[in-house]
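Colleague: To start, I am sharing the structure in question, which I have written as structure tokens.
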Amino acid sequence: MLWLWIVVGVVVVLAVVLTLGYNRLVRLRNEADTGWANIDVQLQRRADLIPNLVEAVRGYAAHERGVFDEVTKARAALQHAGTPGAAADANEGLTVALGRLFAVAEAYPDLKASENFLQLQEDLTDTEDKISAARRYYNSTVMHFNTAIQSIPWLLIARPLGFRDKEFFSAQGDTALPQVSFSPAT
Amino acid sequence: MTLQQQIRSNRFRSGIVVLGFALLLLVIAGLIGLVLDLSLGVVALAIALVYGIFALVRSRSMIAGMTHAQPLAEKDLEPLRRLVENVAIGAGLPVTPEVRLVDDAAPNAFAAGLRPEKSYVGVTTGLLRAMPKRELEAVIAHEISHIRNRDTYLMTMATVFAGVIALIADIGFRSIAYGGRSRKAGGLVVVLAVVGFILAPYAALLLRMSLSRRREYLADAGAAEILNDPEAMALALRRLELDSTSIRYADASTAHLWVESPTDRVDSERRGVLALAGLFNTHPALADRIEALQEAGGFRLSEGLPADEPFAAELGLM
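Those sequence lines, one after another, are chains A and B.
Number 114 in the working numbering belongs to position 87 of the first sequence; there are no gaps in the numbering.
Number 444 in the working numbering belongs to position 273 of the second sequence; there are no gaps in the numbering.
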């Protein structure tokens, strides 16, 4: 009868280990999902500021139609981006387009001094800071999650259980990925 | 050791410390019950529980009162609130902690509150006047790590526990010294009990301190992770190290809350009396904390500090 007890013992231990491991993966995935929701909120906030900003500049420089179109397109691209990587690219695109818009605004001292424009500019800067903070958090949760499902033994069972690698929020050619687990100097 | 491992091992150790508290409490109550009589032991435990619960419920306002931390007025210091909000987002906290200001020339900061949603971060005006934005962010991230890791919860509990143990030990000791009613046990037990009663408060204090010291390293590491910038934290600590102003309203009962120990002088006097070098520090030496960050992050601070404009200039506080 000894072998039977050994088998039962092994099965129980395995079940416990699997349960704990599975719960850990679920926790890590939820953290990453929350992290993504945080970025999404801020991206939406940024997109919401754009129409007002475009209107403010249009009031002074109605003929600069090309720039307005570009900003509006970049905004739409951001709102329709499906994956974190695509959203990061679109966000980058919006930054470039906004750079043009602000370059146009440079030529109009009245616009630059207007209360409304200053407020919008400040809100935009604040949102950009928040996006980069949310991005740091999201990318570190993604790194923890991906590391977890890529290591043995979870590598073998994560896929069948429906855990897939998550994408970092980083634009193409972006090198500033998280270095959370930086190793000691020695 | 990676930061994740560090966080895990620190959590594990603090769990043990809390267990130690519970055991100590039971042992003291047990000793009272054994040496004096059972009912007194039960009464002592009951008093301890009631006192503990009361102190826990009142802890938030108690700490605000002890540290003289004032809530910010509505539109006041908007950039400071934004900075804290951004760091909280970076830490993945669901709710941004409230900011409170301590009018004090010494640069320092603390976090308090039992639950993350009800926590607040206190900063001194001296901190705003000393730190440039990057380092201020690091200090705030350190405090937010305390909140995220539930350190504020644990430290508040520990403070209350320590007070509770001191209270019971006091009751027991006085009862033996002056009352001495029905002594069932022999002389040896009485001697042991007296030793236990005298040592217990110090044990509690030691536990509380060691709890806080480990957590300082952990919060430093957390801040480095939140900002992805271990150097900023090290620079902030270096700046605190070079500063010699001390906090007006800090005393031994709140010392463990601050980012830098505000009561070094008190500590060293105590150390002299008890000849327990280092054991009664609430915080590890700043140099050790900087060293730990340098080792984990793989960098070396150069001599001197960046001469950036302090954040107070942006707030119009200079």
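Heads up, the beta-carbon is just placed ideally off N, CA and C, and yes, glycines get one too.
What does DSSP give as the partner residues of Tyr-291(B) in its beta bridges?
Modeller: BP columns for Tyr-291(B) point to Glu-269(B) and Ala-283(B).
Colleague: Contact check, Trp-429(B) vs Phe-281(B) under 8 Å by CB: the rounded distance?
Modeller: Indeed, because the Cβ distance is near 5 Å, the residues count as touching under 8 Å.
Colleague: If you check the beta carbons only, do Arg-460(B) and Glu-396(B) fall under 8 Å apart?
Modeller: Cβ atoms of Arg-460(B) and Glu-396(B): not closer than 8 Å.
Colleague: Considering only DSSP beta bridges, list what Trp-429(B) is partnered with.
Modeller: Bridge partners of Trp-429(B): Phe-281(B).
Colleague: To which residues of the same chain is Thr-290(B) closer than 7 Å at the C-beta, ignoring the five residues directly before and after it?
Modeller: It should be noted that the sequence gives Ser, not Thr, for residue 290(B). Counting only Cβ-Cβ distances below 7 Å, and skipping sequence neighbours, we find Pro-268, Ala-282, Ala-283, Gly-284, Ile-318 and Thr-323.
Colleague: Let me check one thing: in DSSP terms, what residues is Gln-465(B) bridge-paired to?
Modeller: Gln-465(B) pairs with nothing; no bridge assigned.
Colleague: Of the residues that make up the segment 308 to 319 of chain B, which ones have a beta carbon closer than 7 Å to any beta carbon in chain A?
Modeller: So nothing in the stretch comes that close.
Colleague: Take the Cβ of Ser-210(B) as the centre, count every other Cβ of all protein chains shown within 10 Å, and call the residue buried at 16 or more, exposed below.
Modeller: Exposed: under 16 other Cβ atoms inside 10 Å.
Colleague: Buried or exposed for Gln-199(A), please, with buried defined as at least 16 other CB atoms from any protein chain shown within 10 angstroms of its CB.
Modeller: Gln-199(A) is exposed by the Cβ-count criterion.
Colleague: Going straight from the alpha carbon of Trp-181(A) to that of Gly-48(A), what length do you get?
Modeller: About 8 Å.
Colleague: How would you label Pro-136(A), buried or exposed, when you count the other beta carbons within 10 angstroms and need 16 or more for buried?
Modeller: Pro-136(A) comes out exposed.
Colleague: What residue from Val-273(B), Val-255(B) and Arg-271(B) has the CA that sits closest to Pro-265(B)'s CA?
Modeller: Minimum Cα distance to Pro-265(B) is reached at Val-255(B).
Colleague: Would you be able to state if there are at least three C-beta pairs under 8 Å between the segment 402 to 409 of chain B and the segment 299 to 316 of chain B?
Modeller: Touching, yes.
Colleague: Pick out whichever of Ala-337(B), Asp-247(B) and Gly-263(B) has its Cα sitting closest to the Cα of Ala-219(B).
Modeller: Comparing Cα-Cα distances from Ala-219(B) to each of Ala-337(B), Asp-247(B) and Gly-263(B), the minimum goes to Ala-337(B).
Colleague: Do the segment 164 to 179 of chain A and the segment 48 to 62 of chain A meet, that is, are 3 or more Cβ pairs less than 8 Å apart?
Modeller: Yes, they touch.
Colleague: Please name the residue, chosen from Val-213(B), Thr-295(B) and Gly-236(B), that lies closest to Ala-483(B) on a Cα-to-Cα basis.
Modeller: The candidate whose alpha carbon is nearest that of Ala-483(B) is Thr-295(B).
Colleague: Do you know offhand how far Val-270(B)'s Cα is from Arg-252(B)'s?
Modeller: One C-alpha to the other measures close to 7 Å.
Colleague: May I ask you to report which of helix, strand or coil DSSP gives Pro-78(A)?
Modeller: Pro-78(A): helix per DSSP, three-state reduction.
Colleague: Any idea if Leu-413(B) is buried or exposed, counting beta-carbon neighbours within 10 angstroms, 16 or more meaning buried?
Modeller: Under this definition Leu-413(B) is an exposed residue.
Colleague: What's the call for Glu-288(B), buried or exposed, on a 16-neighbour Cβ count within 10 Å?
Modeller: It counts as exposed.
Colleague: Looking at chain B, which residues of the segment 34 to 63 of chain A have a Cβ within less than 9 Å of any of its Cβ atoms?
Modeller: Residues passing the 9 Å Cβ filter: Glu-58, Thr-61 and Gly-62.
Colleague: Counting contacts by CB-CB distance shorter than 8 Å, is Arg-305(B) in contact with chain A?
Modeller: By this cut-off, Arg-305(B) is not an interface position.
Colleague: Grouping DSSP H, G and I as helix and E and B as strand, with all else coil, what is Ala-128(B)?
Modeller: Coverage of chain B is limited to positions 172 through 489, which leaves residue 128(B) absent and any answer about it impossible.
Colleague: Check this for me: beta carbons of Gln-241(B) and Leu-272(B), under 8 Å apart or not?
Modeller: Result yes, Cβ atoms of Gln-241(B) and Leu-272(B) sit closer than 8 Å.
Colleague: Specify, as a first and last residue, the run of the beta strand (DSSP E) that Ala-240(B) falls within.
Modeller: 240 to 242 is the span of the beta strand (DSSP E), which, as asked, contains Ala-240(B).
Colleague: Can you tell me which of the three DSSP states Pro-481(B) falls into?
Modeller: If DSSP states are grouped into helix, strand and coil, Pro-481(B) belongs with the strands.
Colleague: How would you call Pro-94(A), buried or exposed, if buried means at least 16 neighbouring beta carbons within 10 angstroms?
Modeller: Looking at the sequence shown, residue 94(A) is not Pro but Val. Buried.
Colleague: Quick check: the Cα distance between Asn-57(A) and Ser-230(B), rounded to an integer number of angstroms?
Modeller: Going from the Cα of Asn-57(A) to the Cα of Ser-230(B) covers about 32 Å.
Colleague: Assuming contact is defined by CB atoms lying nearer than 8 Å, are Glu-97(A) and Arg-73(A) in contact in what I supplied?
Modeller: No, the pair does not count as a contact, with Cβ atoms beyond the cut-off.
Colleague: With H, G and I counted as helix, E and B as strand and the rest as coil, what does DSSP make of Ser-210(B)?
Modeller: Correct three-state label for Ser-210(B): helix.
Colleague: Kindly indicate which three-state DSSP category Arg-436(B) falls into: helix, strand or coil?
Modeller: Low per-residue confidence applies at Arg-436(B): pLDDT is 42, beneath 50, and the placement is therefore not dependable, though the value from the model is reported in the following sentence. Note: Arg-436(B) maps to helix in three-state DSSP.
Colleague: So with Cβ pairs under 8 Å, would you call Asn-279(B) a contact of chain A?
Modeller: It does not; no Cβ of chain A falls within 8 Å.
Colleague: When you compare only the Cα positions, how much space is there between Met-326(B) and Ser-232(B)?
Modeller: If you take the alpha carbons of Met-326(B) and Ser-232(B), they lie about 15 Å apart.
Colleague: Counting beta carbon pairs with one atom in the segment 148 to 157 of chain A and one in the segment 34 to 51 of chain A, are three or more of them shorter than 8 Å?
Modeller: No: the two stretches stay apart, fewer than three of their Cβ pairs being nearer than 8 Å.
Colleague: Could you tell me which uninterrupted alpha helix (DSSP H) segments, each at least 4 residues in length, are contained entirely in the segment 50 to 124 of chain A, listed from first to last along the chain?
Modeller: The qualifying runs are 92 to 107.
Colleague: Does the distance from the C-beta atom of Ala-161(A) to that of Gln-71(A) stay below 8 Å?
Modeller: Taking 8 Å as the Cβ cut-off, Ala-161(A) and Gln-71(A) do not qualify as a contacting pair.
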